[in-house]
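Be aware that the sequence shown starts at 47, since it is given in the numbering used here, and climbs by one per residue.
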Amino acid sequence: QVQLVESGGGLVQPGGSLRVSCAASDTIFRFNAMGWYRQAPGKQRELVAQITLGGSTNYADSVKGRFTISRDNAKNTVYLQMDSLKPEDTANYYCNARAVLTDYWGKGTLVTVSS
């Protein structure tokens, strides 16, 4: 069973930056794509950013130009660099790994953007 462990969440002021990490217990080469989703209170979970095995990326319109997803294959880790954070970015951020037949999820890390 693959485990995904997120870290790096916390409280940050509007306009600030934060980087969250997702460490996988297995090689991330086994996944077709890895991504970050978020869920704010009372809202549905939404895709924030995704990176494929080949390195292609896609982002939600709301974070384009502010967030950057990257991967370190040697460390089996995926990162989400978040800049110019806004209060509406406040949410639990979940790591996702997409295999052929299964999706794996982390338990989430809370990001709060507030002054």
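Even for Gly, the Cβ is constructed at its ideal location relative to N, Cα and C.
Residue 119 sits in a helix when the DSSP states are folded into three classes. Here residue 51 is not near residue 79, since their CB atoms are 8 Å or more apart. Under DSSP, residue 59 forms no beta bridge with any residue.
Pairing residue 81 with residue 95 gives a Cβ-Cβ distance under 8 Å. Setting aside the 5 residues that flank it on each side, residue 59 is surrounded in the same chain by 161, each with a C-beta closer than 6 Å to its C-beta; the list follows chain order.
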